[in-house]
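Chemist: The sequence shown maps to residues 1 to 455 in the UniProt record's numbering.
For glycine and all other residues, C-beta sits at the position ideal for the given N, C-alpha and C.
Quick one: the structure is below, and I'll ask about it shortly.
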Amino acid sequence: MQLRKSYFADVRKDDLHEIGQPRPRSDSPGHVTGKTAFFADRNFPGMLHLKMVRSPHHHARIRSIDTSEAEKHPGVVKILTAKDVPHNVYTILILIQIGPEDETVLADGKVRWKGEAVVAVLAETERAAQEAAAKVKVDYEVLPAVFDMEEALKPGAPLVNEYHGQNYYLYDSGECRKVRFGDVEAGFAGADHVLEQSYQSSPIEHAPTETTGCVVAPEGNDRFTCYTNTQAMFFTLDNTSIILQMPGSKLHFVGGTVGGGFGGKVDVIVEPIAILGAKLTGRPVCFIYSREEEMQISSPRAAEKVVIKDGVMSDGRIVARKVTGYTDAGAYSRHSPYGAQKGAGHYPGPYTIPNVWIDTYCVYTNRTPSSAMRGFGVTIGDFALEVQMDKLARLIGMDPLEFRFINAYRDGDMKAHRQPTEGAALIECMQEASRAANWPVAEKFMAMSSYVKGA
């Protein structure tokens with residue numbers, strides 16, 4: 001790797017002790033010697049194992065739950081249903097005032113996706129918990145389900161989540177997050193060429209080596225220590241405090257080492273119910289997803305659809321861009337309203353375009369709830385935008401890298417969401433990419449700067 005220090009030398013400090021200096025990772029020695037402790041390395045005397053009874057249906061009304069046979073199974077200590085959870089309806093982004101609360105810890109009256117947790121079984125062994133869970137009888141009335149975002153938005157579509165009242169998240173701007181900049185229709189009317197294309201992705205599972213889970217130990221005086229592989233320690237603690245109606249001072253979360261996460265371990269799914277089990281039994285509790293659960297139950301990256309319409313001049317200038325984005329939240333919000341909002345701010349891309357129209361929808365379907373994954377709300381949008389840029393360059397017969405130089409935003413340019421560009425460095429990154437890839441561009445582009453418009 002080469003470090004190009006010729007760029008921005010006038011605004012960069014090279015005498016800092018930490019920033020810009022190579023440092024070994026503090027956790028590397030433990031990883032390579034096998035000394036790193038993961039949450040599942042804890043094993044306490046008398047520890048119970050928790051297993052879930054999950055919905056086999058994508059959408060169904062729960063008519064009744066019969067746990068009598070499961071309660072008789074050898075080794076069973078406690079069975080939990082929705083009535084046992086102090087604050088059973090929650091949403092994880094309520095901590096930053098993004099509501100409404102729309103998800104149940106344990107299903108109450110209805111299930112909205114295949115795999116939703118209905119009953120928690122705590123037993124002396126993992127096998128006993130699994131066998132008892134299989135004996136729980138749930139009587140379902142299967143309901144119509146919807147799996148396609150555009151179908152979910154049509155009048156008369158099955159209502160996925162009654163806590164919202166419609167199959168989309170309601171922003172303060174209405175049914176979608178909106179960005180308006182300039183006059184996009186006038187831009188299209190004056191363009192030499194107009195291109196509209198659709199791009200679509202499927203859900204993507206993180207597939208971490210270590211599955212989601214936690215181990216909880218009662219410490220006395222109604223205090224609990226939770227060893228967890230969450231990627232969001234205090235976020236998880238605060239949500240757990242709300243769900244269990246317990247002061248956060250009673251909860252001690254221990255983590256920091258995650259055996260693969262990529263954004264997939266931020267959903268506060270295992271900790272509240274495991275702590276509740278420990279509280280009601282007075283014993284340590286272990287709740288770890290099987291590989292099957294990790295693949296089916298844990299939140300994937302959302303499926304997305306992005307429709308991009310561009311107006312471009314023959315000299316390479318993009319003069320109008322209209323984007324309609326759809327984010328499939330699945331049955332519950334989790335992080336998806338935030339992801340769709342990020343997309344709205346990002347969809348114009350790192351390009352200066354005078355006329356922009358953005359609508360991004362967060363849509364509810366009867367699929368597994370989606371959530372965070374590596375740049376969620378932006379990554380799929382970037383794929384769509386950059387494929388669109390290549391298509392536009394081909395349309396006007398221009399080199400795709402030179403086409404990007406023409407449209408790249410620079411310091412001082414106004415973005416579509418009305419924030420001035422600062423510290424862009426996009427021109428310089430493309431110049432280095434041109435050299436590294438041996439992709440020659442005209443000298444005028446190699447002489448450009450992110451600082452000076454026209455240079």
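Return the CA-CA distance between Ala442 and Glu402, expressed in angstroms with no decimal places.
Modeler: 8 angstroms
Chemist: Among Tyr451, Ile98, Gly343, Leu122, whose alpha-carbon lies nearest the alpha-carbon of Leu170?
Modeler: Ile98
Chemist: If distances are taken between C-alpha atoms only, which option among Lys137, Gln231, Pro203 comes closest to Thr212?
Modeler: The candidate whose alpha carbon is nearest that of Thr212 is Gln231.
Chemist: Please list the segments of the alpha helix (DSSP H) lying wholly inside the region 387-433, counting only runs of 4 or more residues, in order along the chain.
Modeler: 400-407
Chemist: Spatial neighbours of His58 within its chain, please: C-beta separation below 7 angstroms, excluding the five flanking residues on both sides.
Modeler: Trp113, Lys114, Ala145, Asn366
Chemist: Give me, in chain order, the residues of the same chain whose beta-carbon lies closer than 7 angstroms to that of Leu143; leave out the 5 immediate sequence neighbours on both sides.
Modeler: Taking C-beta separations shorter than 7 angstroms and ignoring five residues to either side along the sequence, the partners of Leu143 in its chain run His59, Ala60, Arg61, Pro158, following chain order.
Chemist: Closer than 8 angstroms is the cut-off here; do at least three beta carbon pairs connect the region 385-404 with the region 352-360?
Modeler: no
Chemist: Could you tell me how far apart the beta carbons of Gly264 and Met373 are, in whole angstroms, since I believe they sit closer than 8 angstroms?
Modeler: 6 angstroms
Chemist: Specify, as a first and last residue, the run of the beta strand (DSSP E) that Arg54 falls within.
Modeler: 48-54
Chemist: Can you find the residues in the same chain that come closer than 7 angstroms, C-beta to C-beta, to residue 464, ignoring five residues on each side of it along the sequence?
Modeler: With the chain running from 1 to 455 in the structure shown, residue 464 is simply not present.
Chemist: Between which two residues does the beta strand (DSSP E) containing Ile65 stretch?
Modeler: 60-66
Chemist: Mind checking who Gln97 pairs with in its DSSP beta bridge?
Modeler: Looking at the DSSP assignment, Gln97 forms no beta bridge with any residue, so it has no partner.
Chemist: Work out the CA separation of Ile427 and Arg435 for me, nearest whole Å.
Modeler: 13 angstroms
Chemist: Among Ile358, Gly109, Ala217, Ser449, whose alpha-carbon lies nearest the alpha-carbon of Arg63?
Modeler: Gly109
Chemist: Report, in whole angstroms, the separation of the C-beta atoms of Tyr361 and Tyr332, which I expect to be a contact under 8 angstroms.
Modeler: Contact between Tyr361 and Tyr332 does not hold, since the beta-carbon distance rounds to 16 angstroms and is not under 8 angstroms.
Chemist: Report the rounded CA-to-CA distance for Gly165 versus Asp359, giving the unit in angstroms.
Modeler: 20 angstroms
Chemist: Please confirm whether Ala132 and Val121 have their CB atoms less than 7 angstroms apart.
Modeler: yes
Chemist: To the nearest angstrom, report how far apart Tyr227 and His73 are at their CA atoms.
Modeler: 28 angstroms
Chemist: Starting from Ser371, follow its DSSP beta bridges and name the residues at the other end.
Modeler: Arg301
Chemist: Going residue by residue through the region 263-351, where are the continuous beta strand (DSSP E) segments of at least 3 residues, counting only ones entirely within it?
Modeler: 285-288, 304-312, 318-330
Chemist: Given this structure, state the Cα-to-Cα distance separating residue 465 from Gly256, to the nearest angstrom.
Modeler: Given that the chain is displayed from residue 1 to residue 455, the structure contains no residue 465 and the question cannot be resolved.
Chemist: According to DSSP, Val363 sits in a beta bridge with which residue or residues?
Modeler: Tyr168, Asp328
Chemist: Check for me: the beta strand (DSSP E) holding Ala217 runs from which residue to which?
Modeler: 213-220
Chemist: Can a CB atom of chain C be found closer than 7 angstroms to the CB of Lys415?
Modeler: You won't find chain C in this structure, because it holds only one protein chain.
Chemist: When burial is assigned at 16 or more other CB atoms within 10 Å of the CB, is Asn167 buried or exposed?
Modeler: buried
Chemist: Of the choices Asp84, Thr81, Glu196, Glu101, whose alpha-carbon is the least far from that of Tyr90?
Modeler: Minimum Cα distance to Tyr90 is reached at Glu101.
Chemist: In chain order, what residues of the same chain lie with their CB nearer than 7 angstroms to the CB of Gln431, ignoring the 5 residues before and after it?
Modeler: Met446
Chemist: Helix, strand or coil for Phe224 per DSSP?
Modeler: strand
Chemist: Under the DSSP definition of a beta bridge, which residues are partnered with Lys135?
Modeler: BP columns for Lys135 are empty, so no partner.
Chemist: In the structure shown, what three-state DSSP assignment does Thr236 receive?
Modeler: helix
Chemist: Indicate the three-state DSSP secondary structure (helix, strand or coil) for Ser198 in the structure shown.
Modeler: strand
Chemist: Can you have a look at Arg54 and say buried or exposed, based on whether 16 or more other CB atoms are within 10 angstroms of its CB?
Modeler: buried
Chemist: Using only the alpha-carbon positions, how far apart do Pro208 and Gly377 sit?
Modeler: Cα to Cα, Pro208 sits roughly 20 angstroms from Gly377.
Chemist: Can you tell me whether Gly248 is buried or exposed? The criterion is at least 16 other CB atoms within 10 Å of its CB, across all chains shown.
Modeler: Within 10 angstroms of the beta-carbon of Gly248 lie fewer than 16 other beta-carbons, which makes it exposed.
Chemist: Within the chosen definition, does the region 407-423 reach the region 174-183 through at least 3 CB pairs nearer than 8 angstroms?
Modeler: yes
Chemist: Go ahead and pull the three-state DSSP assignment for residue 456.
Modeler: The requested residue 456 is not part of the displayed model; the chain covers only 1 to 455.
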